[in-house]
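Chemist: Protein chains in written order, with my numbering: chain A, 1 to 203; chain B, 204 to 406.
Protein chains: 2
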Amino acid sequence: MPMSATILYMSMSLDGFITGPNDGPGNAMGDGGMALHGWLWANAKPDDDPMVAVSKLTGANKKIVDKFMASGAVVAGRGTYEGAHGWDGDHHGGAPMFIFTTHDRPDWAKDWPLAHFSDDLAAIMRDAKAAAGDRDVMVHGAGLVQEALRLGLLDEIVIHLTPMLLGAGRSLFEEIGEKIDLERVQVIEGEGGVTHLHYRVKR
Amino acid sequence: MPMSATILYMSMSLDGFITGPNDGPGNAMGDGGMALHGWLWANAKPDDDPMVAVSKLTGANKKIVDKFMASGAVVAGRGTYEGAHGWDGDHHGGAPMFIFTTHDRPDWAKDWPLAHFSDDLAAIMRDAKAAAGDRDVMVHGAGLVQEALRLGLLDEIVIHLTPMLLGAGRSLFEEIGEKIDLERVQVIEGEGGVTHLHYRVKR
Chain A
1 MPMSATILYM SMSLDGFITG PNDGPGNAMG DGGMALHGWL WANAKPDDDP MVAVSKLTGA
61 NKKIVDKFMA SGAVVAGRGT YEGAHGWDGD HHGGAPMFIF TTHDRPDWAK DWPLAHFSDD
121 LAAIMRDAKA AAGDRDVMVH GAGLVQEALR LGLLDEIVIH LTPMLLGAGR SLFEEIGEKI
181 DLERVQVIEG EGGVTHLHYR VKR
Chain B
204 MPMSATILYM SMSLDGFITG PNDGPGNAMG DGGMALHGWL WANAKPDDDP MVAVSKLTGA
264 NKKIVDKFMA SGAVVAGRGT YEGAHGWDGD HHGGAPMFIF TTHDRPDWAK DWPLAHFSDD
324 LAAIMRDAKA AAGDRDVMVH GAGLVQEALR LGLLDEIVIH LTPMLLGAGR SLFEEIGEKI
384 DLERVQVIEG EGGVTHLHYR VKR
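1) At a CB-CB cut-off below 9 Å, which residues of chain A make contact with Asp310 of chain B?
2) Could you tell me how far apart the beta carbons of Phe220 of chain B and Gly396 of chain B are, in whole angstroms, since I believe they sit closer than 8 Å?
3) Would you check if the distance between the CB atom of Pro50 of chain A and the CB atom of Ala73 of chain A is smaller than 8 Å?
4) Quick one: which chain B residues come within Cβ less than 7 Å of Val139 of chain A?
5) Leaving out five residues on either side along the sequence, give the residues of the same chain with a beta carbon under 7 Å from the beta carbon of Leu324 of chain B.
6) What is the rounded straight-line gap between the Cα of Phe271 of chain B and the Cα of Met341 of chain B?
7) Can you tell me which residues form a DSSP beta bridge with His343 of chain B?
8) Check the DSSP bridge columns for Glu415 of chain B and list the partner residues they point to.
9) Measure the C-alpha to C-alpha separation of Gly236 of chain B and Gly223 of chain B and round it to an integer number of angstroms.
10) Enumerate in chain order the residues of its own chain whose CB-to-CB distance from Asp307 of chain B is below 8 Å, with the five nearest sequence positions on each side excluded.
11) Hey, which unbroken runs of the beta strand (DSSP E) at 3 residues or more fall wholly within the region 60-114 of chain A?
12) With respect to the alpha helix (DSSP H) encompassing Val185 of chain A, which residues constitute its N-terminal and C-terminal limits?
13) Take Ile176 of chain A and list the residues in its own chain whose beta-carbon comes closer than 8 Å to its own, dropping the five residues that flank it on each side.
14) Would you identify the three-state DSSP class for Met215 of chain B, choosing helix, strand or coil?
15) Tell me which residues of the region 349-376 of chain B have at least one Cβ-Cβ distance to chain A shorter than 9 Å, keeping chain order.
16) Taking only runs of the alpha helix (DSSP H) that begin and end inside the region 17-65 of chain A, which ones reach a length of at least 4 residues, in chain order?
17) On the criterion of 16 or more Cβ atoms from any shown chain inside 10 Å, does Trp329 of chain B qualify as buried, or is it exposed?
18) Straight-line CA distance for Gly393 of chain B to Ala60 of chain A?
19) Please say whether Ile64 of chain A and Glu156 of chain A have beta carbons closer to each other than 8 Å?
20) Is there a C-beta anywhere in chain B that falls below 8 Å from the one on Gly177 of chain A?
21) Quick one: grab the DSSP three-state call for Arg338 of chain B.
22) Exposed or buried, Trp290 of chain B, counting other C-beta atoms within 10 Å across all chains shown (16 or more means buried)?
23) Would you identify the three-state DSSP class for Leu324 of chain B, choosing helix, strand or coil?
24) Taking all protein chains shown into account, decide if Ala70 of chain A is buried (16 or more other Cβ within 10 angstroms of its Cβ) or exposed.
25) Taking C-beta pairs closer than 8 Å, name the residues in chain B that Tyr199 of chain A reaches, listed in chain order.
26) Our contact map puts Leu165 of chain A next to Leu385 of chain B with C-beta atoms below 8 Å; I'd like the distance itself, whole angstroms only.
27) Between the beta-carbon of Arg184 of chain A and the beta-carbon of Thr398 of chain B, is there less than 8 Å?
28) Measuring only between beta-carbons, confirm whether Arg387 of chain B sits less than 8 Å from chain A.
29) In the DSSP assignment, what residue or residues form a beta bridge with Leu161 of chain A?
30) Measure from the alpha carbon of Ser4 of chain A to the alpha carbon of each residue in A:Ala142, A:Ala84, A:Ala128, A:Leu172, then state which is nearest.
31) If you measure from the CB of Ala70 of chain A, is any heavy atom of the ligand GDP nearer than 7 Å?
32) Could you tell me the distance, in whole angstroms, from the CA atom of Asp293 of chain B to the CA atom of Ala247 of chain B?
33) Taking the alpha helix (DSSP H) that Glu175 of chain A belongs to, which residues open and close that run?
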């Protein structure tokens, strides 16, 4: 039986940023940071809703999106969850969402039962894997990456490497403080210059 | 006639480091940073001299090394030059070396006429291109990358992306402070998990 894997999916610039500077409430991707997600709009109109934009993807980019949209559960940090306004209650297809936070459920999310909140990342990953069954767990957001790596809770990493130096912003990895070896699983050249780098975390 | 291009070649971890922590005189690659160059030793013995190790490369890794060893001139920062002890006077095949530094020529390099020293990076790049003729200019080292990018002096970037998170060290790009778009030229999967990412800097 295939094991469920926890897989980080993040769009990152060549200089390691996943947002522009000044990210925060109301500016989830930071100044200019939406350029990191430009590849998702490769075949879409600029004002298309994200889900509409993604539905127009083709080729390698479509395959990658199809892969993470087939995840059986989603794990995210609070900043990511709030920045996306909780994906309006459903990230995709009714997959349960596990949010890593020390805060209680926000009021605006009180009628969204798919979302669960906890400050115990090990429990979150365990529950997400259980909920996902034989499907994978999509992990998203920088706030929990370092802790997930330190605790050995991340199985795989998929970086959507965007063709730009962003110049400033939030670093995905910052200083983890220890060397972690990776195994290259696959490299896929997407349209628009994005390169999908898929690694397995070695233990 | 093909134009000579200035091309940065650097081995970098997925978290953006080009040395381990505590790099400096006597510890050019920082603590544990030699792992970034592991791909150059893919077919060599651990104690092989770098030039011997490189001569044993095969496949994609050999092609990349052959490409930068065919450069008509080398541009490097002082830290890189001193860390490599001036490549004992000759980086490869008698190519002139242009070192970006505010210091005078070191005493130990006084009999090595291939090396030139200047604190004017624009002049260095111009002289290096002139010396290279129709061949390319290999650029190496982090100390000058940010200034080269800011001044529009870097034409292309080749990252040897090594399959690891190094956890700490010297960042290649740090915060350049402005967004710079890149055009993906080529992606090559090398043996041992290294991925060679070749970009053109857009102006």
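Where a beta carbon is used, it is the ideal one built from N, C-alpha and C, also for glycine.
Modeler: Based on what the coordinates show:
1) Translated into positions along the second sequence, residue 310 of chain B becomes position 107. Going along chain A, no residue has its Cβ under 9 Å from Asp310 of chain B, so there is no contact; the nearest lies around 36 Å.
2) For the purposes of this step, residue 220 of chain B is taken as the residue at position 17 of the second sequence. For the purposes of this step, residue 396 of chain B is taken as the residue at position 193 of the second sequence. So it is not a contact: roughly 16 Å between Cβ atoms.
3) The residue given as residue 50 of chain A occupies position 50 in the first sequence. The residue given as residue 73 of chain A occupies position 73 in the first sequence. The answer is no: Cβ separation not under 8 Å.
4) Counted from its first residue, the first sequence places residue 139 of chain A at position 139. Result: empty, since nearest Cβ-Cβ is about 15 Å, beyond 7 Å.
5) As a first step, residue 324 of chain B is located in the second sequence; it is residue number 121 there, counting from the start. For Leu324 of chain B, where only same-chain residues beyond five positions count, the Cβ hits under 7 Å are Phe303, Leu347, Glu350, Ala351, Leu354, Leu356.
6) Taking the first residue of the second sequence as 1, we reach residue 271 of chain B at position 68. Taking the first residue of the second sequence as 1, we reach residue 341 of chain B at position 138. Straight-line Cα distance between these residues: approximately 6 Å.
7) Working through the second sequence from its first residue, we reach residue 343 of chain B at position 140. B:Ala279, per the DSSP bridge assignment.
8) Nothing can be reported for residue 415 of chain B, as the shown portion of chain B is limited to 204 through 406.
9) The count along the second sequence starts at 1 and reaches residue 236 of chain B at position 33. The count along the second sequence starts at 1 and reaches residue 223 of chain B at position 20. Their backbone Cα atoms lie some 4 Å apart in a straight line.
10) Here residue 307 of chain B refers to the residue found at position 104 of the second sequence. The answer, listed in chain order, is Phe320.
11) 73-77, 97-100
12) Residue 185 of chain A sits at position 185 when you count from the first residue of the first sequence. First-last for Val185 of chain A: 180-189, but that is the beta strand (DSSP E), not the alpha helix (DSSP H).
13) If you number the first sequence from 1, residue 176 of chain A lands on position 176. Result list for Ile176 of chain A: Gln146, Leu149, Arg150, in chain order.
14) Reading the second sequence from its first residue, position 12 is the one you call residue 215 of chain B. Correct three-state label for Met215 of chain B: strand.
15) Leu352, Ile360, Ile362, Leu364, Thr365, Pro366, Met367, Leu368, Leu369, Gly370, Ala371, Gly372, Ser374, Leu375, Phe376
16) 50-55
17) On the second sequence, residue 329 of chain B is found 126 positions in, with the first residue counted as 1. Residue 329 of chain B is actually Arg in this sequence, not Trp. Classification for Arg329 of chain B: exposed.
18) Here residue 393 of chain B is taken as the residue at index 190 of the second sequence, counted from 1. Here residue 60 of chain A is taken as the residue at index 60 of the first sequence, counted from 1. Whole-angstrom Cα-Cα distance: 21 Å.
19) Residue 156 of chain A sits at position 156 when you count from the first residue of the first sequence. Residue 64 of chain A sits at position 64 when you count from the first residue of the first sequence. Cβ atoms of Glu156 of chain A and Ile64 of chain A: not closer than 8 Å.
20) If you number the first sequence from 1, residue 177 of chain A lands on position 177. Yes, contact with chain B.
21) In the second sequence, residue 338 of chain B corresponds to position 135, counting from 1. Of the three classes helix, strand and coil, the one that applies to Arg338 of chain B here is coil, per DSSP.
22) By one-based count along the second sequence, residue 290 of chain B stands at place 87. Trp290 of chain B should be labelled buried.
23) Taking the first residue of the second sequence as 1, we reach residue 324 of chain B at position 121. Looking at Leu324 of chain B - three-state DSSP - the assignment turns out to be helix.
24) In the first sequence, counting from the first residue as 1, residue 70 of chain A sits at position 70. With fewer than 16 other Cβ atoms within 10 Å, it is exposed.
25) Here residue 199 of chain A is taken as the residue at index 199 of the first sequence, counted from 1. Near Tyr199 of chain A (Cβ distances below 8 Å), the residues of chain B are Leu217, Pro366.
26) Counted from its first residue, the first sequence places residue 165 of chain A at position 165. Counted from its first residue, the second sequence places residue 385 of chain B at position 182. Indeed, because the Cβ distance is near 7 Å, the residues count as touching under 8 Å.
27) Translated into the one-based positions of the first sequence, residue 184 of chain A becomes position 184. Translated into the one-based positions of the second sequence, residue 398 of chain B becomes position 195. Yes. Within cutoff.
28) Locating residue 387 of chain B in the second sequence gives position 184, counting from the first residue. Chain A, which has a Cβ nearer than 8 Å to the Cβ of Arg387 of chain B, makes this yes.
29) To locate residue 161 of chain A, count along the first sequence from 1; it is residue 161. Answer is A:Met12, A:Thr195.
30) Here residue 4 of chain A refers to the residue found at position 4 of the first sequence. Of the candidates A:Ala142, A:Ala84, A:Ala128, A:Leu172, the one whose C-alpha sits nearest the C-alpha of Ser4 of chain A is A:Ala128.
31) Looking at this structure, you won't find the ligand GDP or any other ligand, since it has none at all.
32) Looking up residue 293 of chain B in the second sequence gives position 90. Looking up residue 247 of chain B in the second sequence gives position 44. Cα-Cα distance, rounded: 22 Å.
33) For the purposes of this step, residue 175 of chain A is identified with residue 175 of the first sequence, where counting begins at 1. Unbroken run through Glu175 of chain A: none, as it is neither H nor E.
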